[in-house]
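Have a look at the structure below before the remarks.
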Amino acid sequence: MKVFRGFKHPGVASASAVTIGNFDGVHRGHQAMLALLKGEAQQRGVASVVLTFEPHPRDYFAELHQKPDLAPARVGTLRDKLEDLATAGVDQTVVLPFDARLANQSPQEFIDQVLLGGLGARYVLVGDDFRFGKARAGDYALLDAAGDAQGFDVARMNSYEVHGLRVSSSAVREALGRGDMAAAARLLGRPYCISGHVVHGRKLGRTLGFKTLNLRFAHWKPAASGIFVVLVHGLSAKPLQGVANLGVRPSLDPTDVNGGRVLLETHCLDWPAELGPEGAYGKIIRVELLHKLHDELKYDGLDALTQGIQKDRDDARAWLQSNVSARI
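Going letter by letter, the sequence shown gives residues 1 to 328 in full-length UniProt numbering.
Laid out in structure tokens, this is it:
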């Protein structure tokens with residue numbers, strides 16, 4: 001899959017079947033939509049293209065109005081989104097910066113300048129709640145009428161349900177927010193994962209006897225937080241079992257080397273000797289969050305923190321032995 005920041009690049013398809021959305025989490029509803037998009041693109045002999053936005057439009061308006069509560073919790077990072085879209089078999093993804101210029105485009109300007117002028121849309125597929133343009137004035141009816149007038153096909157996909165539950169990014173966020181990782185996995189069609197490069201941290205974990213792999217979650221408001229039982233992919237032939245903290249580490253100094261950012265800190269229960277103590281840095285790993293043990297806790301001192309980590313480690317090993325070990 002080719003990825004473009006904006007559409008003013010020579011490699012962007014001159015004719016396309018397009019779907020538009022934030023695709024936070026790329027859940028089962030998104031996956032069904034992408035499968036339909038690919039089929040329509042093949043019938044027309046054009047590229048399948050996802051048009052998405054970064055930052056999320058609601059992030060933009062939350063900052064504009066100084067109301068952080070308007071920003072949605074983020075299911076995945078941009079890296080995770082792009083990996084999931086590539087796995088779905090999309091030909092191209094165009095990431096548009098959501099800024100004042102885009103926010104103030106009228107619906108017709110968006111159709112003319114972005115869909116037709118930028119992407120050469122022959123077919124446009126949207127969800128049943130799709131809105132676009134300044135003040136969200138554009139809807140499916142307006143888009144469909146423009147398609148009739150300007151020569152492109154428009155289709156709408158109804159809600160996708162699993163056991164009577166509408167699959168949506170909001171539903172995934174709610175499941176992650178309450179720590180129901182099994183429900184999130186049903187909505188996503190796979191275990192919830194976070195991926196990224198292993199970065200250097202404060203090295204406190206190894207001082208305490210619990211070396212960690214650190215990934216930055218590139219958004220201040222993750223949908224999930226707390227202590228999780230995990231599997232780590234990308235460091236050895238088999239996934240490594242572990243326990244992870246996703247959050248802001250309330251027991252540590254907020255002025256530490258990671259500047260108070262959201263981190264996923266993973267401790268592998270059994271470290272592969274062949275990696276050596278520094279062998280993971282810079283590698284891209286994928287961490288599956290399988291089960292939530294508890295919310296983040298603030299410990300009074302390093303001794304209490306060490307005891308807490310040891311208990312989490314023991315609880316994670318017990319859960320994995322009961323639920324996962326026989327399968328890996």
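Each residue gets a CB set at the ideal place from its N, CA and C atoms; glycine is no exception.
Is it a yes or a no for the region 129–146 touching the region 61–73, going by three-plus beta-carbon pairs under 8 angstroms? No: fewer than three Cβ pairs fall under 8 angstroms.
Item to complete: Could you spell out the range, first to last residue, of the beta strand (DSSP E) harbouring S169?
Response: By one-based count along the sequence shown, residue 169 stands at place 169. Where S169 is concerned, there is no enclosing beta strand (DSSP E), although the alpha helix (DSSP H) it sits in stretches over S169 to G177.
Q. Do the CB positions of V232 and L215 come within less than 8 angstroms of each other?
A. Position 232 of the sequence shown, counted from the first residue, corresponds to residue 232. Position 215 of the sequence shown, counted from the first residue, corresponds to residue 215. In this structure, the beta-carbon distance from V232 to L215 does not fall below 8 angstroms.
Three or more C-beta pairs below 8 angstroms linking the region 226–244 and the region 105–123 = no
Practice problem: Helix, strand or coil for N245, going by three-state DSSP, please let me know. | Solution: As a working mapping, residue 245 is identified with position 245 in the sequence shown. Strand.
* Asked: According to DSSP, which residues form a beta bridge with N214?
  -> Taking the sequence shown and counting its residues from 1, the one referred to as residue 214 is at position 214. N214 pairs with V199 and E265.
Own chain residues within Cβ distance below 6 angstroms of A273, not counting five before or after | Within the sequence shown, numbered from 1, the residue matching residue 273 stands at position 273. Cβ neighbours of A273 beyond the five flanking positions: none.
| task | Tell me V95's beta-bridge partners as DSSP assigns them. | result | Position 95 of the sequence shown, counted from the first residue, corresponds to residue 95. DSSP lists R5 and T52 as partners of V95.
query = Taking all protein chains shown into account, do 16 or more other C-beta atoms lie within 10 angstroms of the C-beta of R178, making it buried, or fewer, making it exposed?
reply = Numbered from 1 along the sequence shown, position 178 holds the residue referred to as residue 178. Per the 10 Å Cβ criterion, exposed.
- request: State yes or no: is the C-beta of L125 within less than 8 angstroms of the C-beta of E40?
  value: By 1-based counting over the sequence shown, the position of residue 125 is 125. By 1-based counting over the sequence shown, the position of residue 40 is 40. Contact: yes.
Mind pulling the alpha helix (DSSP H) runs of 4 or more residues that sit fully within the region 62–115?
78–87 and 100–103
Query - CA-to-CA distance, R286 to L79, given in whole angstroms - result: Start at 1 with the first residue of the sequence shown, and residue 79 comes out as number 79. Start at 1 with the first residue of the sequence shown, and residue 286 comes out as number 286. One detail in the question is off: residue 79 reads as Arg in this sequence, not Leu. Distance between the alpha carbons of R79 and R286: 11 angstroms.
Review point. Going by beta carbon distance, what residues of the same chain come within less than 6 angstroms of R122, once the five residues before and after it are set aside?
Key: Position 122 of the sequence shown, counted from the first residue, corresponds to residue 122. Counting only Cβ-Cβ distances below 6 angstroms, and skipping sequence neighbours, we find A15, R44, V46 and F152.
Please name the residue, chosen from A155, G234, A244 and V199, that lies closest to D295 on a Cα-to-Cα basis. For the purposes of this step, residue 295 is taken as residue 295 along the sequence shown, with counting starting at 1. Cα-wise, what sits closest to D295 is A244.
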